[in-house]
Amino acid sequence: EDKVVQSPLSLVVHEGDTVTLNCSYEVTNFRSLLWYKQEKKAPTFLFMLTSSGIEKKSGRLSSILDKKELFSILNITATQTGDSAIYLCAQGNTGNQFYFGTGTSLTVIP
Amino acid sequence: DTAVSQTPKYLVTQMGNDKSIKCEQNLGHDTMYWYKQDSKKFLKIMFSYNNKELIINETVPNRFSPKSPDKAHLNLHINSLELGDSAVYFCASSKASKGNTIYFGEGSWLTVV
């Protein structure tokens, strides 16, 4: 059932570092690739990607999709302690189902 | 206004009991979901439901059953609770059209003792 695979599983960095989180997915009935941030409660939406090669950016966070190689990356530059969270990647398919990866746990230390 | 709301937020109950978690969305979405998040933080889909179709993850025990009185509500009923059912249960919803994301409720923390 491992439709979406994220790496690394966990990551510890210092404030100011740049991190890259990876997500690979299956092509079957692909519609969208989504990134979420989860702190203590519900996952909150970051990005939705549907087209290959088009970077989406929000402040220090950016993400891009490669539909040929079936993966996406989430970049966070100049990390802050508030970036500490679990980052979840999800594949949405044409049947309106969303399958999540195991998440990457990011810890940013001062 | 909370878009996806679920109750109760916290629930502690004994093994063998039957419990329900309620979920309501006011977004006008046509598809609702239940996800289970275990201690390893893996979000696993349990059910998805729209007016026409219930899709059940075949790994979900039949002690779990979704009940939808209308398209804005999808409740989760659990019979004969077991210790392994302890987890956070998230309700979510989305609109079944291209370019839409999935919105989560705040989660219901279930502890079975």
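Residue numbers (my numbering), protein chains in the order written: chain A, 1 to 110; chain B, 1001 to 1113. We treat Cβ as the ideally placed atom computed from N, Cα and C, and that holds for glycine. As the structure is a prediction and not an experimental result, all values here were calculated from the model.
Check                                                                                                                                              : Outcome
Could you tell me the boundaries of the beta strand (DSSP E) in which B:P1066 lies?                                                                : 1064–1067
Could you compute how far the alpha carbon of B:M1015 sits from the alpha carbon of B:S1086?                                                       : 10 Å
Buried or exposed for A:N29, please, with buried defined as at least 16 other CB atoms from any protein chain shown within 10 angstroms of its CB. : exposed
Quick one: does B:T1111 have its CB under 8 Å from some CB of chain A?                                                                             : no
Just tell me which of B:P1008, B:K1044, B:A1003 has its CA closest to the CA of A:Q91.                                                             : B:K1044
Please classify A:E1 as buried or exposed, where buried requires at least 16 other C-beta atoms within 10 Å of its C-beta.                         : Note that A:E1 scores 49 on pLDDT, short of 50, meaning its location in the model is unreliable and no value can be drawn from it.
Would A:L88 count as contacting chain B if we go by Cβ distances under 8 Å?                                                                        : yes
Please confirm if B:G1084 has its CB atom under 8 Å from at least one CB of chain A.                                                               : no
Quick check on B:T1007 - is its C-beta less than 8 Å from some C-beta in chain A?                                                                  : no
Closest to A:S32 by C-alpha separation, out of A:I76, A:G103, A:F71, would be which residue?                                                       : A:F71
According to DSSP, is A:D17 helix, strand or coil?                                                                                                 : coil
According to the Cβ coordinates, are B:L1076 and B:I1021 closer than 8 Å?                                                                          : yes
Can you list the beta strand (DSSP E) stretches of 3 or more residues lying completely in the segment 56–89 of chain A, in chain order?            : 56–58, 61–66, 71–76
Are the CB atoms of B:V1088 and B:Q1037 within a distance shorter than 8 Å?                                                                        : yes
Whole angstroms are fine: how far does the CA of A:F98 sit from the CA of A:I64?                                                                   : 19 Å
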